[in-house]
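Below is one structure, written out as structure tokens; comments come after it.
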Amino acid sequence: MKPVDYGLCLLVMLIWGLNFVIAKLGIQELPPIFLIGLRFALVAALLIPFVAVPRPLLGKILLLSLTLGGLHFSLMFTALQRLDASTASVAIQLQVPFAALLSRLVLGERLGPARLVGMALAFSGIVIMAGEPRIGGDLTALGMALAAALVWAVANIQVKFLGKLDGFTLNAWMSLLAAPQLMFSSWLFESGQWQALQQAGIRGWGAILYMALGVTIVGYGLWYRMLARYPVSQLVPFTLLVPVIGVFTGVTLLDEPLSARIALGSAVTVLGVGIIVIPWRRWHSP
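For the sequence shown, counting from 1, position 139 maps to 171 in the numbering used here; every step adds exactly one.
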């Protein structure tokens, strides 16, 4: 990998890892589902004029918008309202073992002993974290984060059935279809959206801009560029930095407490996810 591309991969991980802190700041000023609805609306407005209409795939994209857009992000951001950003950044990593398990059940992919060990470690780490009084006292929030991870894994299977669809086209149309769903969910389950929008400052509007421009357009744009240049197996290990950055920035920027139990649980979970995503077989090749 070229040094400049290595740096770009690290930049993407920094953008995605910092997203948990930015989102946490944003939901201090805007209701969580309403916030993510505004994000998707902005992404759609920015991308739709520049992408084609994938007519044969619109039905599948609509279904994806229901799971990934409407359900996953509603659960994740509602959980983030009650969890530390550092805890949420680790809990959402269970999307990887969930995806591996669903790939086995739905697609018949082989798990293998190493991945089974990784799955066991990843779930064990979350159990360790759940023993922390601050987290164990609100297991509903942790449960919503884990449900969001499971929904993401389901969406991952859906994306595989979409075939080789351009990433920006997928993001544009998924955002366009998900935004109304999120706004409707916000109307059902939240209140004070208009007042919050009028009073929102740099945290609320900054979070919307960061997630739409930074996370989606810049982050995914650079990631798609790397995927076109290098094998997926060479890039996926970079994603292990996301929870590390999420924990570090949550502790340093938001002054979130880092107990020994949370640190241990986070480390065990990241280790388990690492065992799942790193292609260990290549290290044993001649």
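Backbone N, C-alpha and C fix where the C-beta goes; we use that ideal spot for every residue, glycine too.
**Minimum Cβ-Cβ distance from ILE65 to chain D less than 7 Å** = Although the question refers to chain D, the structure presented lacks it and comprises just one protein chain.
**Cβ-based burial, LEU42 [other Cβ within 10 Å; buried from 16]** = That one is exposed.
**Asked** Exposed or buried, what is PHE82 when buried is set at 16 or more other beta-carbons lying within 10 Å of its beta-carbon?
**Response** Taking all protein chains shown into account, PHE82 has fewer than 16 neighbouring C-beta atoms within 10 Å of its C-beta and is therefore exposed.
**Request:** Pick helix, strand or coil for VAL138, following the three-state DSSP scheme.
**Result:** The answer is helix: DSSP assigns VAL138 an H, G or I state.
**Message:** Any contact between the stretch 87–104 and the stretch 143–163? By contact I mean 3 or more CB pairs, one from each, below 8 Å.
**Reply:** Contact between the stretch 87–104 and the stretch 143–163 is absent, because fewer than three Cβ pairs lie under 8 Å.
**Prompt:** By how many angstroms is the C-alpha of GLY306 removed from the C-alpha of LYS192?
**Reply:** The alpha-carbon atoms of LYS192 and GLY306 are separated by roughly 22 Å.
**Message:** Let me confirm a value: TYR38 is counted as buried when at least 16 other C-beta atoms fall within 10 Å, else exposed. Which label applies?
**Reply:** So TYR38 ends up on the exposed side.
**Item:** Cα-Cα separation between LEU115 and LEU178, rounded to whole angstroms
**Value:** The straight-line gap from Cα to Cα measures roughly 12 Å.
**Prompt:** Is it a yes or a no for the stretch 132–149 touching the stretch 278–295, going by three-plus beta-carbon pairs under 8 Å?
**Reply:** Touching, no, given that fewer than three Cβ pairs across the two stretches are closer than 8 Å.
**Prompt:** Contact check, SER118 vs LEU290 under 8 Å by CB: the rounded distance?
**Reply:** Between LEU290 and SER118 the Cβ distance is about 7 Å, and since that is below 8 Å, they are a contact.
**Asked** Along the chain, where does the alpha helix (DSSP H) that runs through LEU303 open and close?
**Response** Unbroken alpha helix (DSSP H) run through LEU303: 292–309.
**Asked** In terms of residues, what are the limits of the alpha helix (DSSP H) holding PHE193?
**Response** It is not in any alpha helix (DSSP H) - PHE193 carries neither H nor E in the DSSP assignment.
**Prompt:** Which of helix, strand or coil does DSSP assign to LYS56?
**Reply:** LYS56 sits in a helix when the DSSP states are folded into three classes.
**Request:** For the alpha helix (DSSP H) holding LEU285, just list the boundary residues, first then last.
**Result:** For LEU285, the enclosing alpha helix (DSSP H) covers residues 273–285.
**Message:** Let me confirm a value: TRP219 is counted as buried when at least 16 other C-beta atoms fall within 10 Å, else exposed. Which label applies?
**Reply:** Burial call: exposed.
**Asked** From VAL149 to LEU107, what does the alpha carbon distance come to, in whole angstroms?
**Response** The alpha-carbon of VAL149 is positioned some 28 Å away from that of LEU107.
**Message:** Just to confirm the assignment, what range does the alpha helix (DSSP H) spanning PRO165 have?
**Reply:** Here the alpha helix (DSSP H) through PRO165 covers 165–168.
**Prompt:** What number of angstroms, rounded off, separates the C-alpha of MET45 from the C-alpha of GLY251?
**Reply:** Those two C-alpha atoms are separated by around 8 Å.
**Request:** May I ask which residues mark the beginning and end of the alpha helix (DSSP H) holding PRO64?
**Result:** Element bounds for PRO64: 64–79.
**Asked** Of the residues LEU78, PHE109, ALA76 and ALA77, which one's Cα is nearest the Cα of PHE52?
**Response** Comparing Cα-Cα distances from PHE52 to each of LEU78, PHE109, ALA76 and ALA77, the minimum goes to PHE109.
**Simplified DSSP assignment, three categories, for SER223** = Residue state, collapsed to three classes: coil.
**Message:** Please identify the residue among MET206, ILE59 and VAL302 whose C-alpha is closest to the C-alpha of ILE80.
**Reply:** Closest by alpha carbon: MET206.
**Prompt:** For MET151, which residues from the same chain have a beta carbon less than 6 Å from its beta carbon, with the 5 sequence-adjacent residues on both sides left out?
**Reply:** Excluding sequence neighbours, MET151 sits near PRO129.
**Asked** Beta-carbon separation of ALA211 and ALA76 under 7 Å?
**Response** For the pair ALA211 and ALA76, the CB atoms are nearer than the 7 Å cut-off.
**Request:** Just tell me which of LEU303, LEU259, VAL122 and GLN231 has its CA closest to the CA of VAL274.
**Result:** Ranked by how close their Cα comes to the Cα of VAL274, the residues LEU303, LEU259, VAL122 and GLN231 have VAL122 in first place.
**Asked** For ALA244, which residues from the same chain have a beta carbon less than 6 Å from its beta carbon, with the 5 sequence-adjacent residues on both sides left out?
**Response** Residues of the same chain with a CB within less than 6 Å of the CB of ALA244, apart from the 5 flanking positions on each side, are ARG71, LEU74 and VAL75 in chain order.
**Message:** For HIS316, count the other beta carbons within 10 Å of its own beta carbon; 16 or more makes it buried, fewer makes it exposed. Which is it?
**Reply:** Confidence is the limiting factor: at HIS316 the pLDDT is only 43, short of 50, which leaves the residue's position unreliable and the question unanswerable from this model.
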